[in-house]
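In the working numbering, the protein residues as written are 1433 to 1829. For each residue, glycine too, the CB sits at the ideal point set by N, CA and C. Note that the structure is a prediction, hence the values are computed from the model and not measured.
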Ligand SMILES: Cc1ncc(COP(=O)(O)O)c(C=O)c1O
């Protein structure tokens, strides 16, 4: 017999075998809507959603049905064979995606989507210079690492294959200086995620479009975290009225089934030489079935819901911030919200957990709220009340 709780037991057995890079604090075995249930039966409100992944929450009936139906029919169909579910998924994707995005290469994760975007940008321009932003995060594979601002992710793997130039996010003049006729592409997150939830001004994104066009460079929107409805439009950059040459997606697109997508214009797509890119699992029917379910929900009213409930959550958080000087700023769009404190937030996150709420940081001083897109107004209220409580629990601490 062990004295450990079931959760603790799982955490210790897990730690014995995984890479050691992660330090789990909870052990979840089930989910229902916006709640997670741990191995001891304790329920938590999930404001993290696997870091902006579980867009339909947990065990959503339509998602369960679609995955189950697909698994019982066909789960393997590489992209050199057409497949009904993947075709329907692509058709839905391009009913929602803004112009000129008209074609997609399907893959399995965000970093893989960005790797592919780099290759397409190089093929389309014949250049290999990349401009990225300070605080930006694009993924962990070697081809993408040079685009990450955080040095601790890059430094252990020097020498990298190339060096990106980094500009301050939002600084139009700096972008003007950094982009020239050797630039293949500018990589921008329309809302920086890992960097602390910083939305770009529409004017900045419009200037980026103008500058890249003038120099024959591509504009790549990294929508891995901000895309698939999280900000209340299908892609966040739509709100600035700009057209991207490439947009990368992953995370919430299939609500938890691994997926990535490189959306691009016809012109960019045509530039890749035959055999220039490929994938075994990308676009598999299981991921396509999950993705199609998400897209149908977005088309069926979920985008409006994100705008409404996101607006409500934001108003409640702004009120909380007005009454408490420990909060420096509340930022974000739709259901991608950051609450920046004047202090480190680890104790506040621990206090939230003790109150039955799972959230995550974005940098040391920002509490990030990226809940399932189906979160209700009552659940959003529960989130804000728990945050207010967690702030009380940690006052003077
Ligand atoms: C903006 C952005 N791009 C790329 C990635 C990498 O995605 P993945 O972890 O699926 O490789 C992330 C992950 O957090 C991200 O937020």
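Residues near residue i in its chain [Cβ-Cβ closer than 8 Å; skip 5 each side]
| i | result |
| --- | --- |
| residue 1433 | In this prediction, residue 1433 scores a pLDDT of 44, lower than 50, which makes its location untrustworthy; the coordinate-derived value is nonetheless stated afterwards. So no residue of the chain qualifies. |
| residue 1606 | 1599 and 1600 |
| residue 1623 | 1629, 1630, 1631, 1632, 1657, 1658, 1663, 1668, 1764, 1765 and 1768 |
| residue 1448 | none |
| residue 1437 | 1471 and 1472 |
| residue 1462 | 1468, 1469, 1490 and 1491 |
| residue 1475 | 1467, 1468, 1469 and 1788 |
| residue 1586 | 1577, 1578, 1580 and 1592 |
| residue 1501 | 1721 |
Distance between beta carbons of residue j and residue i, contact taken as under 8 Å
| i | j | result |
| --- | --- | --- |
| residue 1731 | residue 1531 | Actually they do not touch by this definition, with Cβ atoms about 17 Å apart. |
| residue 1628 | residue 1569 | Wrong, their Cβ atoms sit about 10 Å apart, outside the cutoff. |
| residue 1481 | residue 1802 | 6 Å |
| residue 1556 | residue 1778 | Actually they do not touch by this definition, with Cβ atoms about 43 Å apart. |
| residue 1650 | residue 1617 | 4 Å |
| residue 1684 | residue 1484 | 6 Å |
CB of residue i within 8 Å of CB of residue j, strictly
| i | j | result |
| --- | --- | --- |
| residue 1719 | residue 1686 | yes |
| residue 1771 | residue 1466 | no |
| residue 1596 | residue 1579 | yes |
| residue 1615 | residue 1652 | no |
| residue 1439 | residue 1471 | yes |
| residue 1498 | residue 1722 | yes |
| residue 1665 | residue 1735 | yes |
| residue 1575 | residue 1613 | no |
| residue 1429 | residue 1784 | Only positions 1433 to 1829 of the chain appear in this structure, which leaves residue 1429 out of reach. |
| residue 1539 | residue 1712 | no |
| residue 1534 | residue 1698 | yes |
| residue 1727 | residue 1486 | no |
| residue 1548 | residue 1737 | no |
| residue 1717 | residue 1514 | no |
| residue 1604 | residue 1639 | yes |
| residue 1776 | residue 1753 | no |
| residue 1852 | residue 1559 | The structure shown does not extend to residue 1852, since the chain is modelled only from 1433 through 1829, so no value can be given for it. |
Cβ neighbours of residue i in the same chain (closer than 6 Å, five flanking residues each side left out)
| i | result |
| --- | --- |
| residue 1511 | 1715 |
| residue 1529 | 1695 |
| residue 1478 | 1466, 1468 and 1790 |
| residue 1572 | 1543 |
| residue 1760 | 1772 and 1774 |
| residue 1682 | 1541, 1542, 1545, 1656 and 1692 |
| residue 1828 | none |
| residue 1594 | 1578 |
| residue 1634 | 1672 |
| residue 1494 | 1725 |
| residue 1520 | 1724 |
Own chain residues within Cβ distance below 7 Å of residue i, not counting five before or after
| i | result |
| --- | --- |
| residue 1443 | 1456 and 1459 |
| residue 1787 | 1818, 1821 and 1822 |
| residue 1522 | 1536 |
| residue 1610 | 1563, 1597 and 1599 |
| residue 1749 | 1762, 1769, 1771 and 1816 |
| residue 1464 | 1490 and 1491 |
| residue 1503 | 1718 |
| residue 1804 | 1466, 1478, 1481, 1486, 1487, 1488 and 1489 |
| residue 1608 | 1643 |
CB contact check: residue i to chain C, cutoff 8 Å
| i | result |
| --- | --- |
| residue 1479 | This model lacks chain C altogether, as it is built from one protein chain only. |
Distance cut-off 7 Å: residue i Cβ against heavy atoms of ligand 2
| i | result |
| --- | --- |
| residue 1515 | Ligands in the displayed structure: ligand 1; ligand 2 is not one of them. |
Within 8 Å, do at least three Cβ pairs link the segment 1739 to 1749 to the segment 1555 to 1564?
No, the segment 1555 to 1564 does not touch the segment 1739 to 1749.
Cβ contact check for the segment 1801 to 1819 and the segment 1688 to 1705: 3 or more pairs under 8 Å:
no
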